[in-house]
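Student: This is the structure, below, for whatever I ask next.
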Amino acid sequence: MADNQFEEEDFQSKFNGNVIKRIFEFVIPHKRWFFLFLFCTLITSVMDSLQVYLNKLLLDNAIVPGLKSQVLPYLKYYGLTVIVQAIGVFTFVYLAGMLSERIWYDLRQKMFEHLQKLSLSYFSVTPVGWIMSRVNSDSFKIADLVTWGMVDSSFAIVNILISGGFMLAINWRMALIVFAVFPIMLYVSWQFRKRILREFRLVRKLNSKVTGAFNENIMGVRVVKAFQREDQNLKEFNDLTYPMFQSAYKAARMNALFLPCIQLISSIALGLIIWSADWQIRSGLMTIGGIQAFVNYVTSMMWPVQDLARVYGEMQQSIASGERIFSLLDTRPAIIDKPDAFEPQTLCGEIEFDNVSFWYDDGDGKPVLEDFSLKVNQGETIALVGSTGGGKTTIVNLLARFYEPQKGVIRICGRDYRDFKMESIQSRIGMVLQTPHLFSGTIRENIRYGKLDATDEEIEAAAQKAGADTFIRSFPHQYEEQVGEGGNLLSFGQKQLISLARAILADPEIFIMDEATSSVDTLTENLIQQGMDHMMKGRTSFIIAHRLSTIKRADRILVIEDGKIIEEGTHFQLLAKKGKYYHLYTQQYREEKERDLKLNPLSA
Amino acid sequence: MITPIIDFDLTKIKTKNRMAGIWQMMSGYRLKYFLAIFSQLFSTIFKSSVYILLSWFIDTWLISNERSIPAYGIGLGFVLLALCEGLFTFYSNSTANYIAEKMALRIRNNLYDQIQRLSFTYHSTVDTGDLIQRATSDVDAVRRFFSEQAIGIGRICFLYGVNFIAIYRMDSSLALSTLMIVPLVFLMALFFFRKIGKRYEAYQNQDALLSTMLQENLTGVRVVKAFARQDYEIEKYRKENWKKFLLGKKLVFTEALFWPSTDLLCGFQMVISYMLGAYATISGRISVGDFVAFQALIVWIIWPIRNMGRLIVQMSRAFISFQRIMEIFANEQEPLDEGTVMPRKTPEGEIIFDQVSFAYQPENETLHDLSFHVFPGQSVAIIGPTGSGKTSLINLLPRFYEYTSGSITLDGLELNQIPRAYLRKHIGIVEQEPFLFSRSIAENITYGAGREVSPDEIIRVAKAAAIHESILTFEKGYDTLVGERGVTLSGGQKQRIAIARTLLKNPKILLLDDATSSVDMDTEVEIRAALNELMKDRTTFIIAHRIQSIIQADLILVMDQGKIVQLGTHEELIQQEGFYQQIFNLQSQIEEALEKELSHGG
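Keeping their order, the protein sequence lines are chains P and L.
FYI, the numbering for the first sequence is 29 to 632, going by my numbering.
FYI, the numbering for the second sequence is 14 to 615, going by my numbering.
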């Protein structure tokens, strides 16, 4: 795996037109909302500038000449703009907010659905955290950009344009002074933004390290205490928090300087206006109301300028987010069905590995299996034994078509299994994994995962066959008991029994079980054994076996070493050989018995 | 200038009052923060002065045509006022943020240290996720109290006060007319932000649920695929995702309602004020310039009030966060240097237990009445079923927990009088499930050494722990990162690294808590050889379950239900009737049975 592939780095993205285009494609289905909120933003912004202009008219036409009767008409108009503005604000806040939520929904849904299509090889090289950030936060940044980003920038642009128009209408010479200052303001804003962003990025990075440090310190507190690392740890921690303080403060100070600077620039424009107002008014080109309007336009101009600089900065980040999201969405599944793949009537349980070679793409390129051949008859139980890394899991991964062989053919029922639809193979294979995984929810929901339309009776029957019924009924809520996140409210053995019940309910044509290496108590072990017996009866079964009882029960035992079958036969045949199996068996025998000694209470 | 890492000890804050607690925590920065808030006053005064100057300019220059100073002077006046305002604003905000970040730093460092110095009793009851939340988002909430809320509320108050006075000086009734709407807007904001807060919480919870769902889907990807449940998963996710969308819509609606409704209130206040101001100007009570200034000043009274509601709601959350943080400091630290005796440089390693009892909870005793004598350099093996108290017993030695009655002596000194720091320096532990840190393997091995360690030395201990060869198979060797971002090590590999780590510490007393439980037999033989080397000249306690690792022990303790039921050497114990003999016999029976099984097969 490339080292920095999954580093959380905000790469300074150049404006990538293609990415922007793809981002905005997510808006197209909702373009009515989009244009409506843009329109409302526009109206609101126009009202903003109009109010300043109405004030000017009030001053010039009513107050300075002292016409009391003229006051109310202008204020009526003013009141009208307030109402229109309120309606506009309501509409654009609601629409933009809703659209942002909707696009976030769409993006998440799209990514989630795409993830379901990707092959296991993708998940074995991509950290869960990386995917989570794409789905949860990058999508948010995009949704934010195309809604609030658009609101802010269009508001700002319209505001600047309309204000500029009014200024030109009032007095074009003075307007030019303002226009001269305007680009300076924009430039300074952007320079500030850029630097603030850079520091913030640093702060964010350090912050996640600080969180990590907290986590380790809590999880590893025994080691910390046993090795008396407290002082050293605190020093190292301060080496994280102190730079974080420095960067955060630097960013905040720059932020604090930002506003006054912009204000100063606009006050220079203001000063120039006042200075020039002198001869403008004398020559009759300017009114008092005009001066007031200019003062207001100039002082309020710094807000849209700030907004623009901010949105521009956010846009850069959003483009980086977009690139990462699209990199996920553009990943093609490693395994896809052939166009003419079909759904077989039955898998019939006859399996053949014919000269199969396989290597993991992310590995060192050494084949895990090389010219591996195996023929399994209908209803046979195969036990795979051998040391870790020998290729046992790879064999069942290939069989379940989580991966496909690079060379050779795997046949089910005499046909290349690539001719079948993937879904049709996987839905007819029942698997129990070494580390049982449950989903949060009730026990019943978890068992039902094996067959979605199962009745409650079927579920309970499956649990009984798996030997899980008794302990389930001992819970206060029985089948409605919550299992917790990942099933962590249950013990390991209980999780295994439930995942066995799940597989039994699915009633698969081929059964695969990766036995757990962790020890469970004898009672549970017996229950698991019974459940397995039930499954293996008359069904083609592959067991990656660790327990002697399972191994002995198999019709055929394969000893796998370095991707090859080095010994093959029944238990007694293999023992007689006194080879690798003999060694494994005697070792396992001692370990199991000794484990019993340790686990059984003295009184037993 | 060197400031200590912990520049203020938060455990000293004993008050339950949150305001008082924050005040105490600000030690060293109180005056500075006061100045920061106070400069907002000047900043607002200069801001208002701009409009007063404008008013004066209009009245004297434009209307009365009295030009006592040149026009550019007035223009310069505007720039100068902006500069003064800017300086004060800058000083205020930058100081407030400086203090906010300092406080965050102070809390973070304090928390980190507090957490690592709390007792095991505390750690066994605490939830990691909750603790981390307090250390991160709660700290951030308190930080924002300093950087945004306190200073923001101060600024709004000053804005209100200064501008009110400025208007009052023009015309008192005009000033009073601006008061009408203020309480209304304020109350409305408070109401809305409370409501928004609640909806936001529901929305956040749904978001967390969605995130959990994704995580489960990703970690359970093999199950999803094994049952071909992709469509089902998509439907399930869609349902919750849609629910979140609807909650989001509701939240947005509340917000969309808030802004325009306060906009309307504020807008009409403006219209009324303008009207009154206009009439007052036309009737000559105030000048045209005053009217212009009045129009501008009133904006700075009305609109900031909207934010007051938000700040107050946020502040109440910051207080809750502060309280949650302080709860951690309310727990007593484990004093490392406490003790009345200071033993000599390195202990001999003679340990005597005399009628020792121990209870995690007072009503439920875990260890009863343990007595035995270990001479320097001896090895003690402890066996017994799970839950019999083996680990609890060895936890007493480094004083991870305190025995409740009886006496334990080390070299004749009462253990609970010896400083913990001394004990932990000379006692090494290898745990059953050792914890490694997400650093390189080399850094993990040197973790507890507390000194510079040469690469040769690291290799030496790694070889002794039978892990050197495995490390070399990694692409980056000793620089390989451990954990999430690096390689996943097997249980046996972790254990051997932990053994190497302890070897390097070179302790006089060694505690091995089932240190070979997750390795296969071949590896165990290697490790045992390494351990035998390690155990030379050290007092050693081994929890083990294989007879082979027990036979050589100088003393064997057989434990059951917190009691020592048998003790002696292997030779003594096999003579006695009892558990040990049973095990030993069983062990031989296993071998016999195996023989039988094998011959039967053959």
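Even for Gly, the Cβ is constructed at its ideal location relative to N, Cα and C.
Against chain L, which members of the stretch 227-261 of chain P pass a CB distance test of less than 8 Å?
Tutor: Cβ proximity to chain L below 8 Å picks out Asn235, Val238, Thr239, Gly240, Ala241, Phe242, Asn243, Glu244, Asn245, Ile246, Met247, Gly248, Val249, Arg250, Val251, Val252, Lys253, Ala254, Phe255, Gln256, Arg257, Glu258, Gln260 and Asn261 from the stretch 227-261 of chain P.
Student: Just to confirm the assignment, what range does the alpha helix (DSSP H) spanning Thr294 of chain L have?
Tutor: Gln243 to Ile295
Student: How many Å lie between Leu189 of chain P and Arg119 of chain L at the Cα?
Tutor: Roughly 48 Å separates the two Cα atoms.
Student: Please go through the stretch 122-166 of chain L and give each complete alpha helix (DSSP H) segment of 4 or more residues, from N-terminal end onward.
Tutor: Qualifying alpha helix (DSSP H) stretches, in chain order: 133-136, 141-146 and 152-157.
Student: Since Tyr106 of chain P is in the alpha helix (DSSP H), which residue starts that stretch and which ends it?
Tutor: It spans Val99 to Lys145 - the alpha helix (DSSP H) in which Tyr106 of chain P sits, taken as one unbroken run.
Student: Could you tell me which chain L residues have their CB closer than 8 Å to the CB of Trp303 of chain P, listed as they occur along the chain?
Tutor: Ala84, Tyr85, Ile87 and Gly88
Student: Express the C-alpha separation of Met314 of chain P and Ala84 of chain L in angstroms, rounding to a whole number.
Tutor: 15 Å
Student: Between which two residues does the alpha helix (DSSP H) harbouring Thr359 of chain L extend?
Tutor: Per DSSP, Thr359 of chain L lies in no alpha helix (DSSP H) segment and is marked neither H nor E.
Student: For Ser451 of chain L, which residues in chain P fall below 8 Å Cβ to Cβ?
Tutor: Here the neighbours are Gly240 and Glu244.
Student: If Val333 of chain P sits next to Ile301 of chain P, beta carbons under 8 Å apart, how far is it from one beta carbon to the other, in whole angstroms?
Tutor: Cβ-Cβ separation between Val333 of chain P and Ile301 of chain P: approximately 17 Å, too far for a contact (criterion under 8 Å).
Student: Using DSSP bridges, identify the partner residues of Gln374 of chain L.
Tutor: L:Asn377
Student: Please confirm if Ile454 of chain L has its CB atom under 9 Å from at least one CB of chain P.
Tutor: Taking Cβ atoms only, chain P never reaches closer than 9 Å to Ile454 of chain L, which makes this a no.
Student: Of the residues that make up the stretch 400-434 of chain L, which ones have a beta carbon closer than 9 Å to any beta carbon in chain P?
Tutor: Gly400, Ser401, Pro411, Phe413, Arg433 and Ala434
Student: Quick one: complete beta strand (DSSP E) runs, 3+ long, within the stretch 412-486 of chain L?
Tutor: 418-423 and 440-443
Student: Mind listing the chain L neighbours of Asn83 of chain P? Cutoff is C-beta to C-beta under 7 Å, in chain order.
Tutor: In chain order: Gln308.
Student: For Trp313 of chain L, does the count of other Cβ atoms within 10 angstroms reach 16, so buried, or fall short, so exposed?
Tutor: buried
Student: Under three-state DSSP, which class holds Phe539 of chain P?
Tutor: strand
Student: On a CA-only basis, which of L:Phe133, L:Leu144, L:Leu89 and L:Gly165 is nearest Ile105 of chain L? Give me that one, please.
Tutor: At residue 105 of chain L the sequence reads Ser, which differs from the Ile that was named. Nearest option by C-alpha distance: L:Gly165.
Student: Is Val339 of chain P helix, strand or coil when you go by DSSP?
Tutor: helix
Student: Should Gln40 of chain P be labelled buried (16 or more other beta-carbon atoms within 10 Å of its own) or exposed?
Tutor: Bear in mind that a pLDDT of 49 at Gln40 of chain P, under 50, signals an unreliable position, so the number given afterwards is only what the model happens to contain. Counting Cβ neighbours within 10 Å, Gln40 of chain P comes out exposed, since fewer than 16 surround it.
Student: Within this structure, are the beta carbons of Ala171 of chain P and Thr102 of chain L separated by less than 9 Å?
Tutor: no
Student: Using three-state DSSP, classify Lys449 of chain P as helix, strand or coil.
Tutor: coil
Student: Check whether the stretch 396-413 of chain P and the stretch 570-580 of chain P are in contact - that is, three or more C-beta pairs closer than 8 Å.
Tutor: yes
Student: Would you report the Cα separation of Met195 of chain P and Ile91 of chain P, rounded to the nearest angstrom?
Tutor: 21 Å
Student: Quick one: is Gly425 of chain L buried, meaning 16 or more other Cβ sit within 10 Å of its Cβ, or exposed?
Tutor: exposed
Student: So which residues of chain P does Thr24 of chain L contact, with C-beta pairs closer than 7 Å?
Tutor: Going along chain P, no residue has its Cβ under 7 Å from Thr24 of chain L, so there is no contact; the nearest lies around 14 Å.
Student: Let me know the secondary structure DSSP gives Met314 of chain P once reduced to three states.
Tutor: coil
Student: Please list the terminal residues of the continuous beta strand (DSSP E) segment that includes Glu595 of chain P.
Tutor: Run containing Glu595 of chain P: Lys592 to Gly597, per the beta strand (DSSP E) assignment.
Student: At a Cβ cut of 9 Å, what residues of the stretch 228-242 of chain L count as close to chain P, listed as they run along the chain?
Tutor: Gln228, Glu229, Asn230, Leu231, Thr232, Gly233, Val234, Arg235, Val236, Val237, Lys238, Ala239, Phe240, Ala241 and Arg242
Student: Kindly list, in the order they appear in chain L, the residues whose Cβ is closer than 7 Å to that of Ile572 of chain P.
Tutor: By Cβ distance, chain L contributes nothing, its closest Cβ being about 14 Å from Ile572 of chain P, past 7 Å.
Student: Quick one, which of L:Ala462, L:Ser467 and L:Ser392 has its alpha-carbon nearest Thr582 of chain L's?
Tutor: L:Ser392
Student: In this structure, how does DSSP classify Arg551 of chain L when only helix, strand and coil are distinguished?
Tutor: coil
Student: Starting from Leu66 of chain L, follow the alpha helix (DSSP H) in both directions and report where the run begins and ends.
Tutor: Arg43 to Trp69
Student: What span of residues does the alpha helix (DSSP H) with Ser190 of chain L cover, start to end?
Tutor: Counting along the chain, the unbroken alpha helix (DSSP H) around Ser190 of chain L starts and ends at Ser185 to Ser190.
Student: Got a sec? Which residues, its chain only, sit under 8 Å from Leu310 of chain L by beta carbon, not counting five neighbours each side?
Tutor: Ser61, Tyr64, Asn176, Ala179 and Ile180
Student: Identify the residues that DSSP records as bridge partners of Thr73 of chain L: which are they?
Tutor: According to DSSP, which records beta bridges pairwise, Thr73 of chain L is partnered with nothing at all.
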